[in-house]
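Chain order of the listed sequences is A and B. The opening residue of the first sequence carries number 20 in the working numbering; numbering runs sequentially from there. The opening residue of the second sequence carries number 20 in the working numbering; numbering runs sequentially from there. Glycine included, C-beta positions come from ideal geometry on N, C-alpha and C. Quick caveat, the model's predicted, so the values are computed rather than measured.
Protein chains: 2
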Amino acid sequence: MPLLAADQIRQTAERALVRAGVPAPSAVVQVDLWLDAELRGVPSHGLLRLERIVQRIEAGLADPHVTGIHTWQGSSYLAVDGRQGLGPIVANAALARIQERARHSGIAIAAVANAQHIGMLAWYAERVAREGQAAIVLSTSEALVHPWGGRKALVGTNPIAIGIPTGETDPFVMDTATSVVSMGEIHDRANRGQAIPEGWALDADGNPTTDAEAAKRGAIAPFGEAKGYALGLAFELLVASLSGAALGTDVHGTLDTTRLCNKGDVFIVIDGPRVAGLSAYLDIIRSAEPAAGFDAVLVPGERGRANRAARLTDGVVIADPVWARLQQLADGPIQQQQHVLS
Amino acid sequence: MPLLAADQIRQTAERALVRAGVPAPSAVVQVDLWLDAELRGVPSHGLLRLERIVQRIEAGLADPHVTGIHTWQGSSYLAVDGRQGLGPIVANAALARIQERARHSGIAIAAVANAQHIGMLAWYAERVAREGQAAIVLSTSEALVHPWGGRKALVGTNPIAIGIPTGETDPFVMDTATSVVSMGEIHDRANRGQAIPEGWALDADGNPTTDAEAAKRGAIAPFGEAKGYALGLAFELLVASLSGAALGTDVHGTLDTTRLCNKGDVFIVIDGPRVAGLSAYLDIIRSAEPAAGFDAVLVPGERGRANRAARLTDGVVIADPVWARLQQLADGPIQQQQHVLS
């Protein structure tokens, strides 16, 4: 797998998006989101996703020119119809509005439907927190997770990210799916011919499996058994009831190239969090004695941030097929495209 | 253990609080919160807590006459100094303000410091959801939970509750601590001389233990390993930064009778959630085929609600010492009290 300078990947990916019809400023934003995931070590939310967006644009399922239609439902509640715009373009436009509103009201929410995949939630939470506000970000997905005690996937992987300014150079940012692992990780194990740990997934018949291929056709477990299931289901209901997004197995459009995107995203921005004491508390955690089998007690988000710093200096390892496809989409011969929907 | 009518427990507990100086209307509210926990099967948040509040009132650590000082930080952000008032009295006063505000603004937040323990969060989330609004409730606690990979308790049990109207008779309500189990459950196992499962707790030296007595002096695990730890820590930082509450091992006052209460509570109310499709989706989950070893696929909160309905009809089993103490506090001879602080 090639080790590449981040800027080389960035420029290649931007060329690919511009060639697909994405305005240059939007290509910069969309690629920054994917590259940030690569830099932090979350390739499932990285440049792997570029080809699908290009195909969705070509199929008329994604519109790279829109930022969404904004309707204020109350002075601090922004309802956003994403009109199938690119995830970070629609999300950033909404976030800018509610960040400004929260400076006066103290809190504001944006509920987004009909945008493309918004990617790694930490990217948004970190930026808001760097600007001195707290952020809670929720998103739903295709049903990939089984209810605790169930056999079939009925709930999204429904991640949450929380960003909080701490008075340190970098804010606190946590970002986790409510599934025990991502479907991307299961695909990766399958591609390598590796087994998956017990407790990660069920097969297509709803029985426990350690076979990654079988798990691909089955369902992922919620993290933390009944508690993680309760959280994931709550996020599914909350996001849908606030944004008008679809629910459960009716959700489509972030993993395919044939259907409109109908999951939802919710952003809550809270103004004026106080940083007093936060850094001292985090230092107590960082310096705590690790348990047997651990090298250190970590603060969530900091390993990904260290990865990012190292890779910006040392370069990024990117999967061969992803890099080959990026180059082809950026600079290769133009292929015949088929519009599935208009 | 006696099986008692809910109303008998309610009236006895109300008498005990009124005798301790709690105004009758506030006693009704406080007892309803504790009794609801008993009815749902969460006795750790039930009438066990009454004696401590009586002692705290007598020690001048809890003030049964105040509802908190309200300061609007922005039009939708209510900062509340609880002035050591009773948890549900302070919380209800704040919730009434932000529920009304959210009807105009779409979303509003109350951040509460210096109130007594607010009890089971589902009680608040359910009421807000019954009134047609969505609720997110967070609270912090004494440090009882070890960071994932750590040896000592540095994080609160930091629960979250989410309530959402569904169009059904009852709203969706989930309520879970970010610890794998409550300290109350560990005390209960110790009282019965039972072992605890592997993975629940560390002993005072930070080593894994299945001895409930050793666990009482140690630390509880976060639920869901690193992910639950990340959530619990995020809630600790978010609640403290928004409310001014203490952090980590500086938190006191919900488990003792000697210190002022300095944890924090955050309520977010969101107006106008749409119920379309929610009940049909929940029915798909309820009717899903259960996995091996499960009788049914459950929707979070519904088992507790079924418990409550049954116990309102059939009576409530209450622990002998809790009932004996309730009767003594309500109707027994008045004992000499000592004021620890004034």
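Check, Outcome
"CB contact check: A/Met202 to chain B, cutoff 8 angstroms", "no"
"Residues that A/Asn170 contacts on chain B, provided the C-beta gap is smaller than 8 angstroms", "Per the sequence shown, the amino acid found at residue 170 of chain A is Arg instead of Asn. Those within 8 angstroms of A/Arg170 in chain B are Ala307, Glu308, Pro309 and Ala310."
"Extent of the continuous beta strand (DSSP E) to which A/Phe254 belongs", "Segment Glu244 to Ser262 is the alpha helix (DSSP H) holding A/Phe254; no beta strand (DSSP E) there."
"A/Gly104 vs A/Gln135 beta-carbon contact at 8 angstroms", "yes"
"Cβ contact check for the stretch 41-48 of chain B and the stretch 338-355 of chain A: 3 or more pairs under 8 angstroms", "no"
"Cβ contact (3+ pairs, closer than 8 angstroms) linking the stretch 192-200 of chain A and the stretch 297-304 of chain A", "no"
"Straight-line gap, B/Ala154 to B/Ile126 (C-alpha atoms, nearest Å)", "10 angstroms"
"Simplified DSSP state of A/Ile137, which is helix, strand or coil", "coil"
"Cβ-based neighbour list, A/Ser361, same chain, cut-off 7 angstroms, excluding 5 preceding and 5 following", "Model confidence at A/Ser361 stands at a pLDDT of 40, short of 50, so the residue's coordinates are unreliable and nothing is read from them."
"Chain B contact residues for A/Ile126, given Cβ-Cβ distances below 8 angstroms", "Gly93, Ser95, Tyr96, Ile126, Ala127, Ile128 and Ile287"
"B/Met202 - DSSP class collapsed to helix/strand/coil", "helix"
"Between the CA atoms of B/Thr159 and B/Thr176 - distance to the nearest angstrom", "7 angstroms"
"Run of the alpha helix (DSSP H) containing A/Gly106, from where it starts to where it stops", "Gly106 to Ser124"
"Chain-ordered chain B contacts of A/Tyr143 [CB-CB under 8 angstroms]", "Under the 8 angstroms cutoff, chain B gives no residues; its nearest Cβ is about 15 angstroms from A/Tyr143."
"Where the stretch 289-301 of chain A meets chain B: residues whose CB sits under 9 angstroms from a CB there", "Ile289, Asp290, Gly291, Pro292, Arg293, Val294, Ala295, Gly296, Leu297, Ala299, Tyr300 and Leu301"
"Host beta strand (DSSP E) of A/Trp167 (start-end)", "First-last for A/Trp167: undefined, no H or E at that position."
"Best match in B/Asp290, B/Pro319 and B/Ala35 for proximity to B/Arg68 [C-alpha to C-alpha]", "B/Ala35"
"Where the alpha helix (DSSP H) through B/Thr31 begins and ends", "Ala25 to Arg38"
"Partners in chain A for B/Ile183, counting only beta-carbon separations shorter than 8 angstroms", "Ala253, Leu256, Leu257 and Ser260"
"Within chain B, partners of A/Gly225 - CB distance below 8 angstroms", "Glu308 and Ala310"
"Three or more C-beta pairs below 8 angstroms linking the stretch 128-142 of chain B and the stretch 276-287 of chain B", "yes"
"Chain-ordered chain A contacts of B/Pro319 [CB-CB under 8 angstroms]", "Ala245, Tyr248, Ala249, Leu252 and Ala253"
"Members of the stretch 138-167 of chain B that neighbour chain A once the beta carbon cut-off is set at 7 angstroms", "Ala153 and Pro166"
"Three CB pairs or more closer than 8 angstroms across the stretch 331-341 of chain A and the stretch 51-71 of chain A", "yes"
"Cutoff 7 angstroms; reference A/Ser45; Cβ partners in own chain excluding five residues on either side", "Pro83, Leu105 and Ile108"
"Other residues of its chain near A/Thr90: CB distance less than 7 angstroms, five sequence neighbours each side excluded", "Ala98"
"C-beta neighbour in chain B for A/Ile28, strict 8 angstroms", "no"
"Where the beta strand (DSSP E) through B/Ile179 begins and ends", "Ile179 to Ile183"
"Ranges of the alpha helix (DSSP H) found wholly within the stretch 308-351 of chain A, counting only runs of at least 4", "321-333 and 339-350"
"Residue from B/Val288, B/Val258 and B/Phe313 with nearest C-alpha to B/Ala148", "B/Val288"
"Cross-strand partners of A/Val192 (DSSP beta bridge)", "A/Gly182"
"4 or more residues per run - each alpha helix (DSSP H) lying fully within the stretch 40-72 of chain B", "43-59"
"Limits of the unbroken alpha helix (DSSP H) element including B/Ile304", "Leu297 to Arg305"
"Opening and closing residue of the beta strand (DSSP E) in which B/Ala154 lies", "Ala153 to Ser158"
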